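Heads up, the thing below is written out as structure tokens.
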Amino acid sequence: MPIPEDVTGDEIDKDVRQELQSLPKTLAEDVAKNLVMVARLIDEDPEGAYGYSKVALRLASRVAAVREAGGFAAYATQRYSEALAEFRAARRMSGGVELWPVMADCERGLGRPEKALDMAGAPEVNKLDKAGQVEMRLVAAGARRDMGQLDAAIVTLQSPELAAGSVQPWTARLRYAYADALLAAEREGEAREWFAKALEADRDGSTDASDRLAEMDGVDFVDALGEDEDETEHEAEHEIESDETVVEQAAEAEDVEDSVEGQVGRDEAEHVVVDRDED
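Numbered per the working numbering, the sequence shown spans residues -7 to 271.
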């Protein structure tokens, strides 16, 4: 797959760069460039990111960072079985537990919420940092909802992190998940309160809390651009109709003129005939 000229491979994280040092220099550079493309495209073009991840895997499948990138690219395209296999391989190579929550979410994606809940109660969770533990809580709550256990999902999300006043990277998503669970349980007043709190903490637009609030308040958004396009299209149609009218009027005028000319011609011919008869 083509690599843009502005991609050098130096953009990757220093820890990943260190992992790639086990490869020959040229190969390491090629792998690094493909990993940069995975990171660049994974949000906007998941399929494109997946394609670059397959190239990186073909070049260096024994590097944990490459397997992890392949896992996230597969996960972004909902290839959960493939993602889980890559995450497991990366975990075996690195020995870390950071991927535990996303591995559990892959189990959800494969229709195995019970397995995800088992992983939420495993000893590995205690080894996660705070962000990882919050992520695991979100996955567990999602698994409860998959099983139709709304009340249990709500309780799962009730935690010190949810009630904390300080805003952390995970705060908006945690509050949003809690609000969504409350709304699913038809607790609309509480849901609205927590959607508002999620919006307050959402500094990077990671949720659509503002849209959910507007929807609950019965606000309809009007696409101004769409209106402009409709108006422009209407004006164009009007201009076309006007042009067609002008053309039709011109044609009618020509017909009248031809008719007049024809009548004049006939009158002149008759006059000539009369003159000849008189002679």
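Built from N, CA and C at the ideal position, the CB exists for glycine as well. Nothing here was measured: the structure is a model prediction, and the numbers come from that model.
Quiz item: So which of 190, 157, 142, 162 has the shortest CA-CA distance to residue 124?
Solution: Indexing the sequence shown from 1 puts residue 124 at position 132. A check of alpha carbon separations from residue 124 across 190, 157, 142, 162 identifies 162 as the nearest.
Practice problem: Grab me the residues of residue 198's own chain with a C-beta within less than 8 Å of its C-beta, minus the 5 sequence neighbours each way, in chain order. | Solution: Taking the sequence shown and counting its residues from 1, one reaches residue 198 at position 206. Result list for residue 198: 164, 165, in chain order.
Quiz prompt | Counted within 10 angstroms of its Cβ, other Cβ atoms place residue 0 as buried (16 or more) or exposed | solution = The sequence position of residue 0 within the sequence shown is 8, counting from 1. When all chains shown are included, residue 0 counts as exposed.
Quiz item: Among 84, 90, 63, which has the Cα closest to the Cα of residue 78?
Solution: Counting from one through the sequence shown, the residue named residue 78 turns up at place 86. Nearest option by C-alpha distance: 63.
Quiz prompt | 7 Å Cβ cutoff met for residue 49 and residue 72 | solution = The sequence position of residue 49 within the sequence shown is 57, counting from 1. The sequence position of residue 72 within the sequence shown is 80, counting from 1. Residue 49 is not a Cβ neighbour of residue 72, given a cutoff of 7 Å.
Practice problem: Compute the distance between the beta-carbons of residue 136 and residue 148, then report whether it is under 7 Å. | Solution: Sequence index remark: in the sequence shown, residue 136 carries index 144 (1-based). Sequence index remark: in the sequence shown, residue 148 carries index 156 (1-based). Yes, they are a contact pair.
Self-check item: Short Cβ contact (7 Å threshold) for residue 56 with residue 41
Solution: Taking the sequence shown and counting its residues from 1, the one referred to as residue 56 is at position 64. Taking the sequence shown and counting its residues from 1, the one referred to as residue 41 is at position 49. Their beta carbons are not under 7 Å apart, which means residue 56 does not touch residue 41 by this criterion.
Self-check item: Delimiting residues of the alpha helix (DSSP H) encompassing residue 69
Solution: Taking the first residue of the sequence shown as position 1, residue 69 is located at position 77. Unbroken run through residue 69: none, as it is neither H nor E.
Quiz item: Which term fits residue 93, buried or exposed, when burial requires 16 or more other beta carbons within 10 angstroms of its beta carbon?
Solution: Stepping through the sequence shown from its first residue, residue 93 is reached at position 101. Counting C-beta atoms within 10 angstroms of its own C-beta, residue 93 has 16 or more neighbours from the protein chains shown and is therefore classed as buried.
Quiz item: Taking 6 Å as the line, does the beta carbon of residue 142 fall inside it for any heavy atom of the ligand SAM?
Solution: Inclusion of the ligand SAM in the displayed structure is not the case, the ligand content being empty and no account of it being possible.
Quiz prompt | Beta-carbon contacts of residue 204 that lie in its chain and below 7 Å, excluding the five residues immediately before and after | solution = As a position in the sequence shown, residue 204 is number 212, starting the count at 1. Only residues of its own chain outside the window of five on either side were considered, and among them 187 have a CB closer than 7 Å to the CB of residue 204, listed in chain order.
Practice problem: Could you check the C-alpha separation between residue 172 and residue 10 for me, to the nearest Å? | Solution: Looking up residue 172 in the sequence shown gives position 180. Looking up residue 10 in the sequence shown gives position 18. Looking at the backbone, the Cα of residue 172 and that of residue 10 are separated by about 41 Å.
Exercise. Note down the Cα distance separating residue 44 from residue 100, rounded to an integer number of angstroms.
Key: What you label residue 44 is simply residue 52 of the sequence shown in a count that begins at 1. What you label residue 100 is simply residue 108 of the sequence shown in a count that begins at 1. So the two alpha carbons sit approximately 26 Å from each other.
Practice problem: Would you give the residue range spanned by the alpha helix (DSSP H) that residue 150 belongs to? | Solution: Locating residue 150 in the sequence shown gives position 158, where the first residue counts as 1. In the DSSP annotation of this structure, residue 150 is not part of any alpha helix (DSSP H), being labelled neither H nor E.
Quiz item: Nearest-angstrom Cα distance between residue 89 and residue 59?
Solution: For the purposes of this step, residue 89 is identified with residue 97 of the sequence shown, where counting begins at 1. For the purposes of this step, residue 59 is identified with residue 67 of the sequence shown, where counting begins at 1. Spanning the two alpha carbons is a distance of roughly 15 Å.
Self-check item: Residue range of the unbroken alpha helix (DSSP H) whose run includes residue 163
Solution: The count along the sequence shown starts at 1 and reaches residue 163 at position 171. Here the alpha helix (DSSP H) through residue 163 covers 163 to 176.
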